[in-house]
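Pasting the structure below:
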């Protein structure tokens, strides 16, 4: 219930980052450490989605939609993501909790929706991580097939688990630099793509010839429809900002900055990557990943190798491996934090809510990583079909999550009005509310059903129908089952808790530990000097890292 004294609900644990790790630590109730700074949040959000999905899995979208088809689907989904991020940013800035939108669904809508949403989001990242294990093994086999694919998967399985058990500060630093490498790699690819297309590299001017032969669309509107679910999967991860807000030292500063800047970088990198792939090769390229292939190569690597830039192709391939490591650790981070909240709120077994002295949910990490063993289903003669099915299921789960975020945001705003709480008091306000949130809500619901309509075309495909829509009855079953079993009720607007978890603005500060080069304080060697100045170097640095 709401409180007459809102200040009593403020969360004043901003000193958590500086407390000794072993002080009064209860593994089942201890809060996570708040050691992520603004630059960490921004690069985590970027690094979580610039991974194998974009660098390897984009071949599937390109082969099914063609160059124009993927630009249409990725642009539309990008607009949806913008408004979803605005909605999430408003809630995450005001109430920065580890449970993020799963907790918002519990507090603003119904406990049963939180149950279904939490498990759907955990499943989303488990399948995404499984795809990343598959992708990294295929990319490495570009160099050699002396080691079997399953062995590479096991190697990275243990590597990701080990790296994920570092503290959140170490995770933030590692993710920052790995993500920065990925951003630089994409910029280098864009430059090389322009040189190749204009004839500066190679013996011909390519231009837009592949837009004419074989064409701009792979299968007209049908191809565009098939790429929506891939776009949803590849954009999944933008909402990671909401999860990381709970471990941010200053969410009221860091989250709005991440929301404003990360989206545009993602849009540029995604649309830019798909555009350059479209001018460098035809969508009929047999080496692109599709449902009939038994292996995969990154379209970026294919383009550079065909242009005769073998060293650059090897370099891009190596950077793809780095990107997979970054994205894989991020996937495991989100999956573990989601299941941690589920366990501590009674929606998952209690033992999954344990943390160690560094605030790492190690049991949830192991539990989540075990379920990624579904990746071994992608090995063998049906690897391409299993991979495509996992991408489709991940995309549908993404649309369900985004829909739930929009519903929670609408309820949050309505509760503020009923409880006479001024919107002006919010640290960050969603742009174009209510139109933007309602637009995202309606288009997400539309895409949930539209993405699989090709299964109904002549001849009807029962296999495609099941893959495209099986997650819907499962999700509804989780929500309805929990509601009936626990007799939960829809939260009334007048009783909605819109205060717990807030932090006082005057109590917030960017916590700079040790005063070292990565401390994040103004006196540190990392962000001080020219990197904060108004010169061209400072502006260029902030354009990349925030």
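Residue numbers (the working numbering): 88 to 633.
Ideal Cβ placement from N, Cα and C applies to all residues, glycine included.
Note that this is a predicted model, so its numbers are computed, not measured.
Annotation for residue 314: 148, 151, 152, 156, 157, 160 place their beta carbon closer than 7 Å to its own, counting only its chain and skipping 5 residues before and after. Counting only residues of its own chain and dropping the five nearest sequence neighbours on each side, residue 138 has a CB closer than 7 Å to the CB of 219, 410, 411, 413, 414. Contact between the stretch 471-490 and the stretch 306-321 is present, with at least three C-beta pairs closer than 8 Å.
Here the stretch 566-573 lies against the stretch 193-205, with 3 or more beta-carbon pairs under 8 Å apart. Contact between residue 527 and residue 167 holds: CB atoms are separated by about 5 Å, below the 8 Å threshold. Restricting attention to 239, 581, 297, 330, the CA atom closest to the CA of residue 492 is found in 330.
Of the residues 214, 392, 515, 226, the one whose Cα lies closest to the Cα of residue 289 is 392. In the three-state reduction of the DSSP assignment, residue 321 falls in the helix class, which pools H, G and I.
Residue 536 sits exposed, since fewer than 16 C-beta atoms from the chains shown fall within 10 Å of its C-beta. Residue environment analysis places residue 193 among the buried positions, since at least 16 neighbouring C-beta atoms fall within 10 angstroms of its C-beta. The DSSP-derived three-state label of residue 173 is helix. Fewer than three Cβ pairs drawn from the stretch 544-552 and the stretch 179-193 lie within less than 8 Å of each other, which leaves the two stretches out of contact.
Between the C-alpha atoms of residue 235 and residue 227 there is a straight-line separation of about 10 Å. If you look at residue 568, you'll find it in the alpha helix (DSSP H) that goes 558-573. Across the structure, residue 374 and residue 309 are spaced so that their CA atoms are roughly 22 Å apart. When DSSP states are grouped into helix, strand and coil, residue 516 belongs to the coil group. The stretch 267-281 makes contact with the stretch 356-369, as at least three CB pairs between them are under 8 Å. DSSP, reduced to helix, strand and coil, places residue 405 within a helical segment of the structure shown.
Annotation for residue 254: 445 place their beta carbon closer than 6 Å to its own, counting only its chain and skipping 5 residues before and after. Take residue 366, set aside five residues on each side of it, and the residues of its chain with a beta-carbon closer than 8 Å to its own are 154, 280, 284, 293, 294, 295, 297, 298, in chain order.
Counting every other CB atom within 10 Å of its CB across the protein chains shown gives residue 438 a total below 16, marking it as exposed. Of the candidates 246, 301, 513, 436, 246 places its Cα closest to the Cα of residue 416. If you draw a 10 Å sphere on the C-beta of residue 579, you find fewer than 16 other C-beta atoms in it, and that means exposed. Distance between residue 173 and residue 260, taken at the CA atoms: about 26 Å. The residue from 264, 145, 448 with its alpha-carbon nearest to that of residue 425 is 448. Around the beta carbon of residue 258, a 10 Å sphere encloses 16 or more other beta carbons of the protein chains shown; the residue is thus reported as buried. Remark: fewer than three beta-carbon pairs, one from each stretch, lie closer than 8 Å, so the stretch 498-507 and the stretch 531-545 are not flagged as touching. Following the DSSP letters along the chain, one finds residue 288 in no alpha helix (DSSP H), marked with neither H nor E. In this structure residue 326 is not in contact with residue 462, their Cβ atoms being roughly 23 Å apart against a cut-off of 8 Å. For the 8 Å CB-CB criterion, residue 418 and residue 223 do not form a contact.
Rounded to whole angstroms, the Cβ separation of residue 221 and residue 474 is 6 Å, and the two are in contact under 8 Å.
An exposed status is given to residue 553, since fewer than 16 other beta-carbon atoms sit within 10 Å of its beta-carbon. Between the alpha carbons of residue 212 and residue 421 lies a distance of about 7 Å.
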